[in-house]
Amino acid sequence: MAGSYPVARFLVGLLYRKWLGACTGAENVPKGGAIFCANHSSYLDHLFVGYYFAKHFHKVPRSLAKKEHFSDPLQWLWHTYVGAIPLDREAGGQEALEKAASLLRKGEWIMMYPEGTRTLTGKLNRAKTGAVRLAIQARVPVIPMGITNTFYTQPKGRMLPRGKRKSDLNIGKPMEFTSRKQPTKAQLRAATNSLMREIAKLAKTEYPFEDE
852 MAGSYPVARF
862 LVGLLYRKWL
872 GACTGAENVP
882 KGGAIFCANH
892 SSYLDHLFVG
902 YYFAKHFHKV
912 PRSLAKKEHF
922 SDPLQWLWHT
932 YVGAIPLDRE
942 AGGQEALEKA
952 ASLLRKGEWI
962 MMYPEGTRTL
972 TGKLNRAKTG
982 AVRLAIQARV
992 PVIPMGITNT
1002 FYTQPKGRML
1012 PRGKRKSDLN
1022 IGKPMEFTSR
1032 KQPTKAQLRA
1042 ATNSLMREIA
1052 KLAKTEYPFE
1062 DE
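Those letters in the sequence shown? Residues 852 to 1063, per our numbering, in order.
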(Lines of atoms letter the chains of each structure in order from A and count residues from 1; the text may use other names and numbers.)
(Lines give C-alpha, C1' and ligand atoms only; values in the text may rest on other atoms or scores of the structure.)
Protein backbone atom coordinates (compact mmCIF):
# COMPACT_ATOMS: atom_id res chain seq x y z
CA MET A 1 0.00 0.00 0.00
CA ALA A 2 2.78 2.43 0.84
CA GLY A 3 3.83 2.52 -2.79
CA SER A 4 0.36 3.68 -3.81
CA TYR A 5 0.32 6.75 -1.56
CA PRO A 6 2.27 9.07 -3.92
CA VAL A 7 -0.06 8.09 -6.79
CA ALA A 8 -3.22 8.57 -4.69
CA ARG A 9 -1.91 11.86 -3.33
CA PHE A 10 -1.17 13.07 -6.85
CA LEU A 11 -4.64 12.11 -8.15
CA VAL A 12 -6.52 13.67 -5.22
CA GLY A 13 -4.38 16.78 -5.47
CA LEU A 14 -5.05 17.01 -9.20
CA LEU A 15 -8.81 16.38 -9.08
CA TYR A 16 -9.66 18.29 -5.90
CA ARG A 17 -6.99 21.01 -5.83
CA LYS A 18 -9.38 23.94 -5.50
CA TRP A 19 -11.08 22.39 -2.44
CA LEU A 20 -7.95 21.37 -0.54
CA GLY A 21 -7.01 23.77 2.26
CA ALA A 22 -4.48 23.57 5.08
CA CYS A 23 -3.44 20.91 7.58
CA THR A 24 -2.86 22.26 11.09
CA GLY A 25 -1.65 20.55 14.26
CA ALA A 26 0.89 18.23 12.63
CA GLU A 27 2.94 18.40 15.83
CA ASN A 28 0.16 16.47 17.62
CA VAL A 29 0.63 13.31 15.53
CA PRO A 30 2.48 10.58 17.49
CA LYS A 31 4.93 8.14 15.98
CA GLY A 32 3.41 5.08 17.64
CA GLY A 33 -0.01 3.46 17.42
CA ALA A 34 -2.94 5.86 17.59
CA ILE A 35 -6.60 6.21 16.68
CA PHE A 36 -7.54 9.25 14.61
CA CYS A 37 -11.16 10.37 14.91
CA ALA A 38 -12.97 13.00 12.85
CA ASN A 39 -16.40 14.29 11.94
CA HIS A 40 -18.02 12.66 8.90
CA SER A 41 -19.88 14.79 6.38
CA SER A 42 -18.93 13.51 2.94
CA TYR A 43 -17.18 10.87 0.86
CA LEU A 44 -14.50 13.53 0.50
CA ASP A 45 -13.51 13.15 4.15
CA HIS A 46 -11.51 9.98 3.65
CA LEU A 47 -9.94 11.20 0.40
CA PHE A 48 -8.83 14.44 2.00
CA VAL A 49 -7.54 12.79 5.18
CA GLY A 50 -5.54 10.37 3.05
CA TYR A 51 -4.15 13.24 0.98
CA TYR A 52 -3.09 15.33 3.98
CA PHE A 53 -1.51 12.36 5.76
CA ALA A 54 0.35 11.19 2.67
CA LYS A 55 1.62 14.72 2.09
CA HIS A 56 2.66 15.60 5.63
CA PHE A 57 3.43 12.25 7.30
CA HIS A 58 4.10 9.81 4.41
CA LYS A 59 1.83 7.35 6.18
CA VAL A 60 -1.95 6.87 5.95
CA PRO A 61 -4.18 5.40 8.68
CA ARG A 62 -6.06 2.20 7.99
CA SER A 63 -9.82 2.44 8.36
CA LEU A 64 -12.78 0.36 9.41
CA ALA A 65 -15.35 -0.09 6.62
CA LYS A 66 -18.84 -1.60 6.66
CA LYS A 67 -18.75 -5.26 5.62
CA GLU A 68 -21.29 -4.40 2.91
CA HIS A 69 -18.51 -2.55 1.09
CA PHE A 70 -16.74 -5.89 0.62
CA SER A 71 -19.70 -7.63 -1.09
CA ASP A 72 -19.13 -6.06 -4.50
CA PRO A 73 -16.00 -7.39 -6.30
CA LEU A 74 -14.70 -3.94 -7.24
CA GLN A 75 -15.31 -2.52 -3.78
CA TRP A 76 -13.74 -5.61 -2.22
CA LEU A 77 -10.66 -5.13 -4.38
CA TRP A 78 -10.35 -1.45 -3.45
CA HIS A 79 -10.96 -1.85 0.29
CA THR A 80 -8.60 -4.82 0.46
CA TYR A 81 -5.96 -2.86 -1.46
CA VAL A 82 -6.07 0.09 0.96
CA GLY A 83 -6.03 -2.19 4.00
CA ALA A 84 -9.56 -1.48 5.23
CA ILE A 85 -10.87 -3.66 8.05
CA PRO A 86 -14.40 -5.09 7.50
CA LEU A 87 -16.86 -4.06 10.21
CA ASP A 88 -20.00 -6.11 10.92
CA ARG A 89 -22.30 -3.62 12.62
CA GLU A 90 -25.07 -6.14 13.23
CA ALA A 91 -22.67 -8.34 15.21
CA GLY A 92 -21.40 -5.39 17.22
CA GLY A 93 -18.12 -5.06 15.32
CA GLN A 94 -16.07 -6.91 17.95
CA GLU A 95 -14.03 -8.92 15.44
CA ALA A 96 -13.00 -5.75 13.60
CA LEU A 97 -12.13 -4.03 16.87
CA GLU A 98 -9.93 -6.95 17.93
CA LYS A 99 -8.04 -6.86 14.63
CA ALA A 100 -7.69 -3.08 14.88
CA ALA A 101 -6.41 -3.38 18.46
CA SER A 102 -3.76 -5.87 17.33
CA LEU A 103 -2.59 -3.49 14.59
CA LEU A 104 -2.52 -0.54 17.00
CA ARG A 105 -0.29 -2.46 19.41
CA LYS A 106 2.13 -2.95 16.51
CA GLY A 107 2.32 0.80 16.00
CA GLU A 108 -0.18 1.24 13.17
CA TRP A 109 -2.67 4.09 12.82
CA ILE A 110 -6.41 3.55 12.61
CA MET A 111 -8.92 6.09 11.26
CA MET A 112 -12.45 6.13 12.69
CA TYR A 113 -15.53 8.29 12.34
CA PRO A 114 -17.32 8.00 15.70
CA GLU A 115 -20.64 9.13 14.21
CA GLY A 116 -20.65 5.94 12.16
CA THR A 117 -22.19 7.50 9.05
CA ARG A 118 -22.28 10.77 7.15
CA THR A 119 -24.45 13.56 8.48
CA LEU A 120 -27.53 14.43 6.43
CA THR A 121 -27.92 17.89 7.91
CA GLY A 122 -24.40 19.24 8.29
CA LYS A 123 -24.70 18.93 12.08
CA LEU A 124 -22.82 16.30 14.07
CA ASN A 125 -24.66 13.04 14.74
CA ARG A 126 -24.68 11.32 18.12
CA ALA A 127 -21.44 9.33 18.25
CA LYS A 128 -20.96 5.66 19.04
CA THR A 129 -18.51 4.59 21.75
CA GLY A 130 -16.39 2.21 19.64
CA ALA A 131 -13.37 4.50 19.29
CA VAL A 132 -13.02 4.98 23.05
CA ARG A 133 -13.54 1.26 23.66
CA LEU A 134 -10.82 0.47 21.13
CA ALA A 135 -8.43 3.00 22.70
CA ILE A 136 -8.92 1.38 26.11
CA GLN A 137 -8.48 -2.11 24.68
CA ALA A 138 -5.31 -1.26 22.74
CA ARG A 139 -4.01 1.29 25.27
CA VAL A 140 -3.28 3.97 22.68
CA PRO A 141 -4.18 7.67 22.46
CA VAL A 142 -7.03 9.10 20.42
CA ILE A 143 -6.25 12.06 18.19
CA PRO A 144 -9.32 14.28 17.54
CA MET A 145 -9.51 15.92 14.13
CA GLY A 146 -11.90 18.35 12.50
CA ILE A 147 -12.61 18.46 8.77
CA THR A 148 -14.20 21.66 7.51
CA ASN A 149 -16.57 22.39 4.60
CA THR A 150 -16.86 18.94 3.02
CA PHE A 151 -20.60 18.87 3.76
CA TYR A 152 -21.06 22.01 1.70
CA THR A 153 -18.80 20.77 -1.10
CA GLN A 154 -20.24 17.28 -1.53
CA PRO A 155 -22.96 16.17 0.91
CA LYS A 156 -24.44 12.69 0.84
CA GLY A 157 -26.39 12.15 -2.37
CA ARG A 158 -24.47 14.70 -4.43
CA MET A 159 -22.46 13.18 -7.28
CA LEU A 160 -20.00 16.02 -7.93
CA PRO A 161 -18.34 18.63 -5.69
CA ARG A 162 -19.53 22.23 -5.83
CA GLY A 163 -18.37 25.72 -4.89
CA LYS A 164 -14.89 26.86 -3.94
CA ARG A 165 -14.79 26.50 -0.15
CA LYS A 166 -11.49 25.08 1.08
CA SER A 167 -11.49 22.09 3.41
CA ASP A 168 -8.95 22.18 6.23
CA LEU A 169 -7.84 19.27 8.40
CA ASN A 170 -7.27 20.46 11.97
CA ILE A 171 -5.49 17.94 14.21
CA GLY A 172 -5.94 18.25 17.97
CA LYS A 173 -3.89 17.15 20.95
CA PRO A 174 -3.87 13.44 21.91
CA MET A 175 -6.53 12.30 24.38
CA GLU A 176 -5.96 9.41 26.80
CA PHE A 177 -8.77 7.07 27.83
CA THR A 178 -6.69 4.19 29.17
CA SER A 179 -7.08 4.77 32.92
CA ARG A 180 -10.18 2.55 33.19
CA LYS A 181 -9.95 -1.09 32.14
CA GLN A 182 -13.66 -1.85 32.56
CA PRO A 183 -15.58 1.41 32.19
CA THR A 184 -19.34 1.56 32.61
CA LYS A 185 -21.65 2.52 29.75
CA ALA A 186 -22.07 5.94 31.31
CA GLN A 187 -18.29 6.41 31.49
CA LEU A 188 -17.88 5.34 27.86
CA ARG A 189 -20.59 7.78 26.84
CA ALA A 190 -19.02 10.64 28.82
CA ALA A 191 -15.59 9.93 27.32
CA THR A 192 -17.05 9.75 23.81
CA ASN A 193 -18.88 13.04 24.30
CA SER A 194 -15.63 14.62 25.51
CA LEU A 195 -13.91 13.40 22.35
CA MET A 196 -16.72 14.69 20.14
CA ARG A 197 -16.65 18.11 21.75
CA GLU A 198 -12.97 18.37 20.83
CA ILE A 199 -13.75 17.23 17.29
CA ALA A 200 -16.52 19.83 17.09
CA LYS A 201 -14.14 22.63 18.08
CA LEU A 202 -11.64 21.54 15.44
CA ALA A 203 -14.40 21.28 12.82
CA LYS A 204 -15.74 24.71 13.84
CA THR A 205 -19.16 23.40 14.81
CA GLU A 206 -20.98 22.14 17.93
CA TYR A 207 -21.75 18.77 19.48
CA PRO A 208 -25.20 19.14 21.11
CA PHE A 209 -25.46 15.81 22.95
CA GLU A 210 -25.16 15.49 26.72
CA ASP A 211 -23.79 12.73 28.95
CA GLU A 212 -26.25 10.09 30.10
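Think of the CB as a built atom: it goes at the ideal place given N, C-alpha and C, for glycine as much as any other residue.
Quick caveat, the model's predicted, so the values are computed rather than measured.
Thinking C-alpha only, which one of the options is nearest residue i?
{"i": "M1026", "options": "P912, K1015 and M996", "result": "M996"}
{"i": "T875", "options": "A1054, T1029 and K1015", "result": "A1054"}
{"i": "V991", "options": "K1032, F1002 and G1014", "result": "K1032"}
{"i": "N976", "options": "C888, M1047, I998 and M1010", "result": "M1047"}
{"i": "T999", "options": "I987, R1009, V993 and K974", "result": "K974"}
{"i": "E1049", "options": "V993, K869, D923 and H909", "result": "V993"}
{"i": "G1024", "options": "T1001, M962, P881 and P924", "result": "Note on residue identity: the sequence assigns Lys, not Gly, to residue 1024. Taking only the C-alpha atoms, the option nearest K1024 is P881."}
{"i": "M962", "options": "A889, S922 and P857", "result": "A889"}
{"i": "T1029", "options": "S922, F908 and I987", "result": "I987"}
Between which residues of its own chain and residue i is the CB-CB distance below 6 Å, once the five residues before and five after are set aside?
{"i": "T1043", "result": "A978, T980 and V983"}
{"i": "G872", "result": "K1017, S1018 and D1019"}
{"i": "E1057", "result": "A1051"}
{"i": "V863", "result": "L898 and Y902"}
{"i": "I1022", "result": "G876, N879 and M996"}
{"i": "S883", "result": "The residue you asked about is not Ser; residue 883 is Gly in the sequence shown. The residues are G958."}
{"i": "G967", "result": "K979"}
Span of the beta strand (DSSP E) holding residue i?
{"i": "A978", "result": "First-last for A978: undefined, no H or E at that position."}
{"i": "F887", "result": "A885 to A889"}
{"i": "E996", "result": "Here residue 996 is Met; the residue named in the question, Glu, does not match the sequence. Looking at the DSSP string, the run of the beta strand (DSSP E) that includes M996 is V993 to I998."}
{"i": "R913", "result": "R913 to K917"}
{"i": "T875", "result": "L871 to T875"}
{"i": "L898", "result": "Element bounds for L898: not the beta strand (DSSP E) but the alpha helix (DSSP H), L895 to H907."}
From which residue to which residue does the alpha helix (DSSP H) around residue i run?
{"i": "S953", "result": "Q945 to R956"}
{"i": "L1053", "result": "K1036 to A1054"}
{"i": "Y1003", "result": "T1001 to T1004"}
Starting from the C-beta of residue i, find all residues in its chain whose C-beta is less than 7 Å away, skip the five residues before and the five after it, and write them out in chain order.
{"i": "R860", "result": "Y902, A905 and K906"}
{"i": "G1014", "result": "Y1003 and T1004"}
{"i": "R969", "result": "H891, S892, S893 and K1007"}
{"i": "L985", "result": "I886, L948, A951 and A952"}
{"i": "F1060", "result": "R977 and N1044"}
{"i": "A1069", "result": "Outside the modelled stretch of the chain, which goes from 852 to 1063, sits residue 1069, for which no answer is possible."}
{"i": "K918", "result": "P937, L938 and D939"}
{"i": "L971", "result": "K1007"}
For residue i, which residues of its own chain have a beta-carbon under 8 Å away from its beta-carbon, when the five flanking residues on both sides are left out?
{"i": "A799", "result": "The first residue shown for the chain is 852 and the last is 1063, placing residue 799 beyond what the model contains."}
{"i": "Y867", "result": "L895, L898, F899, Y902 and P1012"}
{"i": "D1062", "result": "A1037, R1040, A1041 and N1044"}
{"i": "Y964", "result": "C888, A889, N890, H891 and D896"}
{"i": "V858", "result": "none"}
query = If we count Cβ pairs, one from each stretch, closer than 8 Å, do we get three or more for the segment 887–900 versus the segment 944–954?
reply = no
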